[in-house]
Amino acid sequence: MPPASPSRLRHLPNAISVLRVVLVAPIGWLLWHAAWPSALGLVAVAGVSDGLDGFLARHYGWQSRLGGMLDAIADKLLLVCCFVILAWLGEISLWLAAVVCGRDLIIACGALGWRLLIGPIEPRPSLLSKACTLAQIVYLLAVLLALVRWPMLRSATLGWVVAALCVASGLDYVLRWSGRAWRAWHSARL
115 MPPASPSRLR HLPNAISVLR VVLVAPIGWL LWHAAWPSAL GLVAVAGVSD
165 GLDGFLARHY GWQSRLGGML DAIADKLLLV CCFVILAWLG EISLWLAAVV
215 CGRDLIIACG ALGWRLLIGP IEPRPSLLSK ACTLAQIVYL LAVLLALVRW
265 PMLRSATLGW VVAALCVASG LDYVLRWSGR AWRAWHSARL
């Protein structure tokens, strides 16, 4: 059997994003039951897969609107689930979970508003947004590593970095997409 050509694998990034969505339930269950080593392993797999699907999509030109939406949905479900459960269990600050969830809620409401009022949305995460997601994943891994074996990895500084990136990224989304919405609305009136 001949090896699969890259074009035959063009849906692989989407499949990886779907895998991340599927991992949310077992990760949430493991976190809820304080099965820290197993949760750490699955969060690490999810974090690596987030980078892998993006790399494959960009490297081979397999980007699609569906892929962008699946990636964003997978990220938001995973991160919100982890932050909410860890905050509920008292393992991370409630205020930090609120900042992370608030940012994602604002972005989701904005995307829904765009879809209802303007039309189809083309997900375009900024470099700032990607840095925010990466910082959140690194923070979660550090918290879980601290719970598993290395308590010295708990870092209030990293939590503040996550919060600052969430606020900056959220403001960036609001400003950029508000400007686009204004231009779309204004051009539609002309």
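Residue numbers (the working numbering): 115 to 304.
Just so you know, even glycine gets a beta-carbon here, dropped at the ideal spot from N, CA and C.
Query: Got a sec? Which residues, its chain only, sit under 7 Å from Leu126 by beta carbon, not counting five neighbours each side?; Result: Leu170
Query: Please report the distance separating the alpha-carbon of Ser269 from that of Tyr253.; Result: 8 Å
Query: Report yes if the C-beta distance between Ser283 and Arg217 is below 9 Å; otherwise report no.; Result: yes
Query: Once DSSP output is grouped into helix, strand and coil, what is the label at Trp176?; Result: coil
Query: Taking the straight line between their C-alpha atoms, what separation do you get for Ser178 and Lys190?; Result: 18 Å
Query: Would you give the residue range spanned by the alpha helix (DSSP H) that Pro127 belongs to?; Result: 126–146
Query: From the DSSP output, in three-state form, read off Leu241 for me.; Result: helix
Query: Here's the rule: buried if 16 or more other CB atoms are within 10 angstroms of the residue's CB, otherwise exposed. What is Gly233?; Result: exposed
Query: How big is the Cα-Cα spacing for Leu145 and Leu261?; Result: 11 Å
Query: When DSSP labels each residue in this structure, what does Met115 get in the three-state scheme?; Result: Because Met115 sits at a pLDDT of 45, beneath the cut-off of 50, its placement in the model cannot be relied upon, and the following sentence gives the value as read from the coordinates. Here Met115 sits in coil by DSSP.
Query: Compute the distance between the beta-carbons of Glu205 and Val276, then report whether it is under 9 Å.; Result: no
Query: Quick check on Ile235: does DSSP put it in helix, strand or coil?; Result: coil
Query: Run the CB neighbour count on Ser301, radius 10 Å, all protein chains shown included, and call it buried at 16 or more, exposed below.; Result: exposed
Query: If you run the structure through DSSP and keep just helix, strand and coil, what is Leu285?; Result: helix
Query: Less than 9 Å between the beta carbons of Val157 and Ile251, yes or no?; Result: yes
Query: Can you tell which of Ala211, His147, Trp228, Ser240 has its C-alpha closest to the C-alpha of Trp296?; Result: Trp228
Query: Who are the near neighbours of Leu166 in its chain, counting only those whose CB is closer than 7 Å to its CB and skipping five residues on each side?; Result: Ile130
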